[in-house]
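First the structure, in the form of structure tokens, and then the observations on it.
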Amino acid sequence: MLANYHTHTERCGHAMGSDRDFVEHAIESGIKVLGFSDHCPWVFDDEYVSGIRMTPDEVEGYFRSLTDLKREYADDIRIYIGFEAEYIPQLIEAQDRLLAEYPLDYMIMGQHFNDPESSGVYMGAPVYDESILIQYTERIIEGMESGRYRYLAHPDLIRFMGDEKAYESQMTRLCTYLKSRDIPVEINLLGMSGGRHYPSDRFFRIAQNVGNKAIIGCDAHLPESLCDDHIIERGRRFAEKYGLEVVETLDGLD
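Each residue of the sequence shown is one higher than the one before, starting from 5 at the first, in the working numbering.
Structure, rendered in structure tokens:
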């Protein structure tokens, strides 16, 4: 891989390895551009503490560590500091205030929840309610319209088990929107290597019909994931299977 923009750190509570380990494994594998996009913290109104993302108090250390590594390894690899985040309108202003003073390079959208995590439905669990599917689509489109996010991580995370025609209608709507804005959809290698329900053939058949571009994301939770040539090649073959043009790098980060 030339670049990977989907990399987590131990701060999210479900990844392992030091920040330096991720950088050194990326260099070892020949990656030239490494983007860190750990799960972005929310400032919850009810003092809820998430078990799947860093806390607001950890943001300072995140930027300090990655900024130091960016300087130290400048001759070997280009490092960008970002976040993976949902678009949850009622929490956006507090998140913006939290991040305002930090040198944030980019964000990607990973719509794990449509509503605050403490009361929201996880999109990766079986969902039968068509209104949740519609809201998932609308939240993503609204979030992308805000200009905050560079691409959609695991676009097929939602595990909708209801009417297939409804799924096809909403995902066609989503893919058509993303194509109109030249926003790539991610082929998620963590889902592929872990035998998850994504990358989803039914979603990417729709992406193929619409003509979307794709980006391959390691979604690395272990440093070794950046060196797994076998799964990276599987991701490329998956893109070829559906005739999707693969975006190698994101423009405009410098």
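Even glycine gets a Cβ: it sits at the ideal position worked out from N, Cα and C.
#1: Here's the rule: buried if 16 or more other CB atoms are within 10 angstroms of the residue's CB, otherwise exposed. What is Leu182?
#2: Helix, strand or coil for Ser197 per DSSP?
#3: Gln115: which of Leu161, Tyr132, Val250 and Asp100 sits nearest, CA to CA?
#4: Name the two residues that bound the continuous beta strand (DSSP E) containing Asn192.
#5: Whose CA, out of Glu105, Gly65, Leu257 and Asp42, lies closest to the CA of His18?
#6: Among residues of its own chain, excluding the 5 on either side of Val131, which ones have a beta-carbon nearer than 8 Å to its beta-carbon?
#7: Whose C-beta lies closer than 6 Å to the C-beta of Leu103 among residues of the same chain, with five residues either side of it excluded?
#8: Taking the alpha-carbon of Gly195 as reference, which of Phe242, Asn213, Lys217 and Pro188 has the nearest alpha-carbon?
#9: Do Ile112 and Tyr153 come within 8 Å of each other at the CB atom, strictly closer than that value?
#10: Is any non-hydrogen atom of the ligand GDP found closer than 7 Å to the C-beta of Asn192, if you look at the structure I gave you?
#11: Grouping DSSP H, G and I as helix and E and B as strand, with all else coil, what is Phe48?
#12: Name the DSSP beta bridge partners of Ser41, please?
#13: Less than 8 Å between the CB atoms is what I'm expecting for His10 and Cys222, so what's the real figure, rounded?
#14: Where does Leu230 sit, in a helix, a strand or coil, going by DSSP?
If we stick to the structure as given:
#1: Here residue 182 corresponds to residue number 178 of the sequence shown, with the count starting at 1. Flag for Leu182 reads buried.
#2: Locating residue 197 in the sequence shown gives position 193, where the first residue counts as 1. It is helical.
#3: The residue labelled residue 115 in the question sits at position 111 within the sequence shown. Closest by alpha carbon: Leu161.
#4: Translated into positions along the sequence shown, residue 192 becomes position 188. Start and end: Val189 to Asn192.
#5: Here residue 18 corresponds to residue number 14 of the sequence shown, with the count starting at 1. Cα-wise, what sits closest to His18 is Asp42.
#6: Counted from its first residue, the sequence shown places residue 131 at position 127. Closer than 8 Å at Cβ, skipping near neighbours: Val125, Leu137, Ile162, Arg163, Phe164, Met165 and Gly166.
#7: What you label residue 103 is simply residue 99 of the sequence shown in a count that begins at 1. Correct list: empty, nothing qualifies.
#8: Reading the sequence shown from its first residue, position 191 is the one you call residue 195. Comparing Cα-Cα distances from Gly195 to each of Phe242, Asn213, Lys217 and Pro188, the minimum goes to Phe242.
#9: Reading the sequence shown from its first residue, position 149 is the one you call residue 153. Reading the sequence shown from its first residue, position 108 is the one you call residue 112. Yes.
#10: Annotation note on the ligand GDP: not contained in the displayed structure, which lists no ligands.
#11: The residue you call residue 48 lines up with position 44 of the sequence shown. Residue state, collapsed to three classes: coil.
#12: For this step, residue 41 is matched to residue 37 along the sequence shown. DSSP lists Gly86 as partners of Ser41.
#13: Locating residue 10 in the sequence shown gives position 6, counting from the first residue. Locating residue 222 in the sequence shown gives position 218, counting from the first residue. His10 to Cys222, Cβ: 6 Å. Contact.
#14: Within the sequence shown, the letter at position 226 stands for residue 230. Looking at Leu230 - three-state DSSP - the assignment turns out to be helix.
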